[in-house]
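Undergrad:
Chains as they are written, first to last, in the working numbering: chain P, 1 to 335; chain Z, 336 to 670; chain S, 671 to 1005; chain E, 1006 to 1340.
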């Protein structure tokens, strides 16, 4: 049994990780930590675990962690995360980090969108944890940077086109709508129910932090620089991201060619479904699946993808990465 | 034209009052106030008024208020309200107060559920602003205590039975479900969208502050002490309260008798509709109406009422009271 | 491995049963049936199963069924169900029936609320599948009548009081609010999104079919006739039932006594959680748990329970019953 | 007083038109019609009008219509509409038609997306009822084609850019999300609450009927052919459309230039608000306003607009058109 610690277990991605590991046949939760003021019995912190989990969430003790766990799911925010990750690695644990701190390889880009980077050494060796695109680098990694939710959905939607060099790389537009859980557990005016309910609005216009992350993934897949215009929106539902991606093909591609391209590209993937028509957010909620549909509209290519932002977009993908690191069936606990 | 000031205009009841007065043919907004940090142009404070209202919300200046307004809608919380109301009255304004400070006539009861009362003198002369039940005392009043949202819905549902002494007065059970706007504009964990959405829960179990208010109204109507068990719940919608009231009749009453009783009781009322079957919250949203249905089930009487908590349960009723005080058609601006 | 067939697999309870069995370590789906026009690949009928289930839903063939399955989850509507159940039993299968056809022991009551009963012989021997209250009769049963969703939530909320003869049996009031999945998959005006959203309304006033079912369970537990006034409502959410039950105690009971009574009564139960405060629907969504809170309010007892209507109120409970029949750990596949 | 008839009053746009006219100081409802099976008292057909409207909805009688009304709001579906409109015009009424039948000037395009056109004569003379762009042709018109909801929101978002010839006309991408009321009152599986709630999905991929309508408006404004890729989605809310439009500018435009362009273009418009940041659907719900924000992102221009699909996208705009035809203040009844 893999012994799993969750660092920062008191938020939504922590809860979702707990939910998945509770059902995992080859992994068990051994240590859960959070800020002192957010600690307590799991079933008191999250009402959904009443009677289902007897564990406590405790303040982090590194010695205890080193003794109790083989791998840490690090669910901390950026900046905080890179303060802890070196210690977790030094303690001998494998680390799957949910923050942005080890995702952006170009330090200048990271520092433009976030803060000064304080652990560039580990950044160099971190694997980018999107298995469908970078599985080989994840195998055997000690530190995996778990991707952002939007980059996961958007990248899977267009990877086959980029890989085969079929689209213009300066005109990719990603329009996405997320559910509200992406905003985290801290109450705010925007996400106050009487404001968010019956509402829908764009945000992060021109400067969302996931834009450079999508561009990095896209560029890695394409083997050359890809420019992406990314515009997120938030809608009145809990979970899920629908990405609608508009691309300019280099030459005309029929729907049959597009469909074959995608089915071939993802044929060995457990969690990507190439669909015959438009995906719906509700079909993927609670699952680690990504549903994709691609079609030619008036000479452009429109790609749709749907994922659950907390599962394939966070905790599910983290456990998929964990399974890969420990050489288990990649889908364990996730089907 | 009646010149209307709104004290505490930066919350939901303030916005709803603005919305209604903007359409009122005999009243106009002349002065809007709030705490300094919540001031600004109305259209900046509330996006819904962009282009529709050129007024500013300013910090309260009593002299300016006295000069500019004939009546104040006082949308402050309890305790704060009774600090201002005496000054508003002294400045010569009529006052319609949205807080609980002038609703509960028994000071001991008020102080048990709220705080020490500091303006018992004005309390004595305040009218209770539920026009369908206490219209005569509202006419000519200088200070009107605008009722709570739950008490409005619950009292209208059972008043005819109490007035005619047809039910046991110790076994009235009021089960109610409200939308989330009743909680006000301050963000909190309970009303954070990812928690409140797809949720429903009871609160205020055994000690909700509207319980003694419902009992006071019911007792006034019945002419004797009425005991009420009131249990509120909150559900995932913006507006509306559905009250389901269970009563024990003194003698059996047919559905025909019940229907006739209610239709007679409310025959002259503009805003109470006695329906032929179950009311739905959505039918009253945005209106000042109360939809009521009453029926005999297995020898008990079950009464249902639906109101919009921000209109008939707050701002609409306040303007109904204002119309009465100024001897206008009671329905002006509200149809 | 237990081989499980689902008869009527094309509805919400069918889908939920599939979801649970897919994760069950000792049971496997072997045969799924529906009306011819609702057949097809599971992943086409339900988008949520894309890539997760390779089975087909086929028209029912009794010989094939007898050959392929040990137990049938019969998700048909009442009347249709009692046309098939005798054949399923004759084919040697254990049957867990989701309809009302084998729940109501008094044929006259059944026929008053439903239709003429055509299989009274099997009705006599059917176990009532609410394990927390009737576990002994379920063990070894060939036919289990899986309870209704409302009766499950309401009965668990008050069983300890009835068992100990602590409340008046003529004044039990059950006020409940359900999510919309209880209405099934057939589109209708009431459940059309633009009508149901932002809405809440009562229905089945005085005549809901679950009223006699709750009374039967309550009477069985109390050992004498219990009369229940049951009033259901529907609110704008997918899943979950919150029941608020009002009882008149025979003698005063403190909150400590009530809490102890409930904790003792349910101490060995996997799926009932006696809580320290009010339950919330969202905490039980997707789980087989029932969260209960009981308290004394002004000399009355108010009991709250929350369940997921599709899990503990339908498919989860069915699989709990299946586990009992086959002498497995009762919680298998359900935690 | 303008005497208004509503033809096809039993749907959402009919109800919304009733709601607006009831408040209009210079217009009154005199005749409401629908299919025989959808007739009855307005307050029975729509619960929201209980006590607010004493009118009946009746089967259409042309003589009665001619006698009772000056103008008809024709809320019929396409094809049905062009069967009635010639008769309404012959009866001497002004007509504002909500269907697509008189919107598309190119008969071949109309027939490709809809059906054979049977009233090309009146089509020639119909004004296109988007006042902010085509006010002059509406003045004095006998027949106004009220625009589609999506075309209204999308066209207002980009008109200033097209008018000034500032963007490439072959690369306009309109991504839009609508609430569910756009689907009309007929229940269907997609809009069944348990399916639509917590969901979001694209539809009409590559072939939505509003695509040629947007292109026609855009081309008219630009004075040359404009090609638009239009992709609609539907989300879990009642009302509102958010359009996000991606354009390629011919030369770089600063945010200041863009803002000035839009403010100048719409400076005399009552119902268009050029905002300083992103619009939110909820701010325009229930109003006739269009909120617009435009910005430069990485050398592209992104335009956002929000409208209420039933008001500015249908009934409100129809009454705005009516006010223009009858030479009234354009905003009467709509503020």
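Where a beta carbon is used, it is the ideal one built from N, C-alpha and C, also for glycine.
Helix, strand or coil: how does DSSP classify residue 97 of chain P here?
TA: Position 97 of the first chain, counted from the first residue, corresponds to residue 97 of chain P. Strand, per DSSP.
Undergrad: Does the separation of the CB atoms of residue 534 of chain Z and residue 954 of chain S fall below 8 Å?
TA: Counting from 1 along the second chain, the entry for residue 534 of chain Z is found at position 199. Counting from 1 along the third chain, the entry for residue 954 of chain S is found at position 284. Going by C-beta atoms, residue 534 of chain Z is not nearer than 8 Å to residue 954 of chain S.
Undergrad: Quick one: what's residue 848 of chain S bridged to in DSSP?
TA: By one-based count along the third chain, residue 848 of chain S stands at place 178. The partner list for residue 848 of chain S (beta bridge, DSSP) reads S:904, S:911.
Undergrad: Provide the residue(s) that pair with residue 368 of chain Z in DSSP beta bridges, ordered along the chain.
TA: Position 33 of the second chain, counted from the first residue, corresponds to residue 368 of chain Z. Residue 368 of chain Z pairs with Z:342, Z:393.
Undergrad: Can you check which of these residues, Z:405, Z:550, Z:385, Z:343, is closest to residue 424 of chain Z by C-alpha distance?
TA: The sequence position of residue 424 of chain Z within the second chain is 89, counting from 1. Comparing Cα-Cα distances from residue 424 of chain Z to each of Z:405, Z:550, Z:385, Z:343, the minimum goes to Z:405.
Undergrad: Can you tell me where the alpha helix (DSSP H) with residue 317 of chain P in it begins and where it stops?
TA: The sequence position of residue 317 of chain P within the first chain is 317, counting from 1. Here the alpha helix (DSSP H) through residue 317 of chain P covers 316 to 325.
Undergrad: So is residue 1198 of chain E in contact with chain P if we call contact Cβ pairs under 8 Å?
TA: The count along the fourth chain starts at 1 and reaches residue 1198 of chain E at position 193. With 8 Å as the cut-off, residue 1198 of chain E does not count as an interface residue toward chain P.
Undergrad: So residue 181 of chain P contacts chain Z; which residues on that side make the cut at Cβ distance below 8 Å?
TA: Looking up residue 181 of chain P in the first chain gives position 181. Within 8 Å Cβ-Cβ: 529.
Undergrad: In three-state terms, what does DSSP make of residue 303 of chain P?
TA: Indexing the first chain from 1 puts residue 303 of chain P at position 303. Note: residue 303 of chain P maps to strand in three-state DSSP.
Undergrad: In whole angstroms, what is the alpha-carbon distance linking residue 191 of chain P and residue 518 of chain Z?
TA: Position 191 of the first chain, counted from the start, is the residue given in the question as residue 191 of chain P. Position 183 of the second chain, counted from the start, is the residue given in the question as residue 518 of chain Z. Residue 191 of chain P and residue 518 of chain Z: Cα-Cα distance of roughly 14 Å.
Undergrad: Against chain Z, does residue 902 of chain S count as a neighbour if the rule is that its beta carbon must be under 8 Å from one of theirs?
TA: Here the question's residue 902 of chain S lines up with position 232 in the third chain. So, not an interface residue.
Undergrad: Under 8 Å by Cβ, that's how I've got residue 272 of chain P and residue 292 of chain P pegged, so tell me the actual separation to the nearest angstrom.
TA: On the first chain, residue 272 of chain P is found 272 positions in, with the first residue counted as 1. On the first chain, residue 292 of chain P is found 292 positions in, with the first residue counted as 1. With a Cβ gap of about 6 Å, residue 272 of chain P and residue 292 of chain P count as contacting.
Undergrad: Please compile the residues from chain P whose C-beta is within a distance smaller than 9 Å of the C-beta of residue 1134 of chain E.
TA: Position 129 of the fourth chain, counted from the start, is the residue given in the question as residue 1134 of chain E. Near residue 1134 of chain E there are no residues of chain P at all, since even the closest Cβ is about 26 Å away, more than 9 Å.
Undergrad: Can you give me, in chain order, the residues of the region 736 to 752 of chain S that have a beta carbon less than 9 Å from any beta carbon in chain E?
TA: Listed by position along the chain: nothing, the set is empty.
Undergrad: For residue 283 of chain P and chain S, any beta-carbon pair shorter than 8 Å?
TA: In the first chain, counting from the first residue as 1, residue 283 of chain P sits at position 283. Cβ-Cβ to chain S under 8 Å: yes for residue 283 of chain P.
Undergrad: According to a CB-to-CB cut-off of less than 7 Å, which residues of the region 380 to 391 of chain Z neighbour chain E?
TA: Within the region 380 to 391 of chain Z, the residues whose Cβ lies closer than 7 Å to some Cβ of chain E are 382, 383, 385, 386, 387, listed in chain order.
Undergrad: In the DSSP assignment, find the unbroken alpha helix (DSSP H) run with residue 1298 of chain E in it and report its ends.
TA: The residue given as residue 1298 of chain E occupies position 293 in the fourth chain. Residue 1298 of chain E -> not in any alpha helix (DSSP H); beta strand (DSSP E) instead, spanning 1295 to 1302.
Undergrad: Tell me residue 507 of chain Z's beta-bridge partners as DSSP assigns them.
TA: As a position in the second chain, residue 507 of chain Z is number 172, starting the count at 1. Bridge partners of residue 507 of chain Z: Z:563.
Undergrad: For residue 478 of chain Z, count the other beta carbons within 10 Å of its own beta carbon; 16 or more makes it buried, fewer makes it exposed. Which is it?
TA: Numbered from 1 along the second chain, position 143 holds the residue referred to as residue 478 of chain Z. Burial call: buried.
Undergrad: Among all the DSSP beta bridges, which residues are the ones paired with residue 1251 of chain E?
TA: Within the fourth chain, the letter at position 246 stands for residue 1251 of chain E. Residue 1251 of chain E pairs with E:1178, E:1307.
Undergrad: Can you tell me which residues form a DSSP beta bridge with residue 814 of chain S?
TA: Locating residue 814 of chain S in the third chain gives position 144, counting from the first residue. Looking at the DSSP assignment, residue 814 of chain S forms a beta bridge with S:766, S:797.
Undergrad: So residue 1278 of chain E is in the beta strand (DSSP E); what residue range does that whole segment cover?
TA: Translated into positions along the fourth chain, residue 1278 of chain E becomes position 273. Its beta strand (DSSP E) spans residues 1277 to 1279.
Undergrad: Tell me which residue opens and which closes the beta strand (DSSP E) that residue 779 of chain S is part of.
TA: Here the question's residue 779 of chain S lines up with position 109 in the third chain. Not the beta strand (DSSP E): residue 779 of chain S falls in the alpha helix (DSSP H), residues 777 to 783.
Undergrad: Would residue 968 of chain S count as contacting chain Z if we go by Cβ distances under 8 Å?
TA: Here the question's residue 968 of chain S lines up with position 298 in the third chain. Closer than 8 Å to some Cβ of chain Z, the Cβ of residue 968 of chain S qualifies, so yes.
Undergrad: Using a Cβ-Cβ distance cut-off of 8 Å, determine whether residue 1203 of chain E contacts chain Z.
TA: In the fourth chain, the residue the question calls residue 1203 of chain E occupies position 198. Output row for residue 1203 of chain E: interface = yes.
Undergrad: Name, please, each residue of chain P whose Cβ falls closer than 7 Å to the Cβ of residue 523 of chain Z.
TA: For the purposes of this step, residue 523 of chain Z is taken as the residue at position 188 of the second chain. Near residue 523 of chain Z (Cβ distances below 7 Å), the residues of chain P are 187.
Undergrad: Assign residue 416 of chain Z to one of two classes, buried (16 or more other C-beta atoms within 10 Å of its C-beta) or exposed (fewer than that).
TA: Counting from 1 along the second chain, the entry for residue 416 of chain Z is found at position 81. With 16 or more Cβ atoms within 10 Å of its Cβ, residue 416 of chain Z is classed as buried.
Undergrad: Helix, strand or coil: which one does DSSP assign to residue 332 of chain P?
TA: What you label residue 332 of chain P is simply residue 332 of the first chain in a count that begins at 1. Residue state, collapsed to three classes: coil.
Undergrad: Inspect the CB distances between the region 206 to 213 of chain P and the region 102 to 114 of chain P and report whether three or more fall short of 8 Å.
TA: Segments in contact, yes.
Undergrad: Measure the alpha-carbon distance for residue 1007 of chain E versus residue 1326 of chain E and round it to whole angstroms.
TA: Taking the fourth chain and counting its residues from 1, the one referred to as residue 1007 of chain E is at position 2. Taking the fourth chain and counting its residues from 1, the one referred to as residue 1326 of chain E is at position 321. Distance between the alpha carbons of residue 1007 of chain E and residue 1326 of chain E is about 13 Å.
Undergrad: Can you name, in chain order, every residue of its own chain whose Cβ lies under 7 Å from the Cβ of residue 811 of chain S, other than the five neighbours on each side?
TA: Within the third chain, residue 811 of chain S is the residue found at index 141, counting from 1. Hits under 7 Å: 797, 995.
Undergrad: Are the C-beta atoms of residue 1010 of chain E and some chain P residue less than 8 Å apart?
TA: By 1-based counting over the fourth chain, the position of residue 1010 of chain E is 5. False, the Cβ-Cβ gap to chain P never drops below 8 Å.
Undergrad: Going by CA-CA distance only, name the one from Z:638, Z:496, Z:442, Z:574 that's closest to residue 553 of chain Z.
TA: Position 218 of the second chain, counted from the first residue, corresponds to residue 553 of chain Z. Ranking the options by Cα distance to residue 553 of chain Z, first place goes to Z:496.
Undergrad: Do we get a CB-CB distance below 8 Å when we pair residue 914 of chain S with the residues of chain Z?
TA: The count along the third chain starts at 1 and reaches residue 914 of chain S at position 244. Yes, because at least one Cβ of chain Z sits closer than 8 Å to the Cβ of residue 914 of chain S.
Undergrad: Answer with yes or no whether the minimum CB distance from residue 304 of chain P to chain E is below 8 Å.
TA: The count along the first chain starts at 1 and reaches residue 304 of chain P at position 304. Residue 304 of chain P counts as touching chain E.
Undergrad: Should residue 54 of chain P be labelled buried (16 or more other beta-carbon atoms within 10 Å of its own) or exposed?
TA: Translated into positions along the first chain, residue 54 of chain P becomes position 54. Its Cβ having fewer than 16 others within 10 Å, residue 54 of chain P is exposed.
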